[in-house]
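Novice: Following this message is one structure expressed as structure tokens.
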Ligand SMILES: [Zn+2]
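Here it is as structure tokens:
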């Protein structure tokens, strides 16, 4: 089984420190959050190919989470969509340099809660992500679109809409189990087609709280068969604690 953590839990460390910690603690997978000062793709790429050589020394599957703060592939503003596409492409370029398996991105959101605005945003998001997926395909990288918490403003907030996005854009799916849990029913997300990997955290079934496993009501019995799991918490001690609970819940 492949199991790892998001660098969200060890913010502001170097590539080498993250790889050392992952290998010391026996993880075989890691997701780099590309929002930090040295992991933002445009900056990271500007340092030149040497900074990525370190990844060759470790047998750890790398995944990238593209910048999503202030980005929006569904924006009604063409300039924001364009910048979102540029930064997604830069993340794909970084994935090529690292030899990363896939990059995750978000489907975006609307800022006016009306059906007709939502339909328009959905059209734009599919358009932006289809172009990003083509760029990824041409470079042998998987683009993976993540499901979002259960709020009207967010796209891919149901398994049905997530499936629609995957089919329309040709991208793969990152299934965030915490986000799925806010939807009430996790199961339909587990049977989506083309799932590349999972984000794992717990919550009370309403808010995306990023709790350690067992502190919320996520049903771990549902997760028995899944592989390629990134524990996504903002504290590394809790990552280790959650790993124990996750492994025990599978009944080794
Ligand atoms: Zn995400």
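In our numbering, the protein residues as written are 673 to 924.
Every residue, glycine too, gets a C-beta built ideally from N, C-alpha and C.
Got a sec, what are the start and stop residues for the beta strand (DSSP E) residue 702 sits in?
Specialist: Residues 701 to 705.
Novice: Whole-angstrom Cβ separation of residue 769 and residue 721, contact assumed at under 8 Å?
Specialist: Right, their Cβ atoms sit about 6 Å apart.
Novice: Taking a contact to mean a Cβ-Cβ separation below 8 Å, would you say residue 779 touches residue 821 in this structure?
Specialist: No, the pair does not count as a contact, with Cβ atoms beyond the cut-off.
Novice: With a Cβ-Cβ cutoff of 8 Å, do residue 677 and residue 708 count as a contact?
Specialist: Taking 8 Å as the Cβ cut-off, residue 677 and residue 708 do not qualify as a contacting pair.
Novice: Helix, strand or coil for residue 818 per DSSP?
Specialist: Residue state, collapsed to three classes: strand.
Novice: In whole angstroms, what is the alpha-carbon distance linking residue 912 and residue 698?
Specialist: Residue 912 and residue 698: Cα-Cα distance of roughly 11 Å.
Novice: Which term fits residue 827, buried or exposed, when burial requires 16 or more other beta carbons within 10 angstroms of its beta carbon?
Specialist: Its Cβ being crowded by 16 or more others within 10 Å, residue 827 is buried.
Novice: Output the boundary residues of the beta strand (DSSP E) element that contains residue 844.
Specialist: Counting along the chain, the beta strand (DSSP E) containing residue 844 begins and ends at 844 to 848.
Novice: Quick check: the stretch 883 to 902 against the stretch 710 to 719, are at least 3 beta-carbon pairs closer than 8 Å?
Specialist: With the cut-off at 8 Å, the stretch 710 to 719 and the stretch 883 to 902 do not touch.
Novice: Just verifying my parser: in three-state terms, what is the DSSP assignment at residue 826?
Specialist: Strand, per DSSP.
Novice: Within its chain, find whatever has a CB closer than 6 Å to the CB of residue 747; leave out the 5 residues flanking it on each side and keep chain order.
Specialist: Hits under 6 Å: 753.
Novice: Give a yes or no on contact between the stretch 864 to 875 and the stretch 896 to 903, applying the rule of three or more CB pairs nearer than 8 Å.
Specialist: Yes: at least three Cβ pairs fall under 8 Å.
Novice: Looking at C-alpha atoms only, which residue of 835, 756 and 710 is the closest neighbour of residue 742?
Specialist: With distances taken between Cα atoms, residue 742 lies closest to 756.
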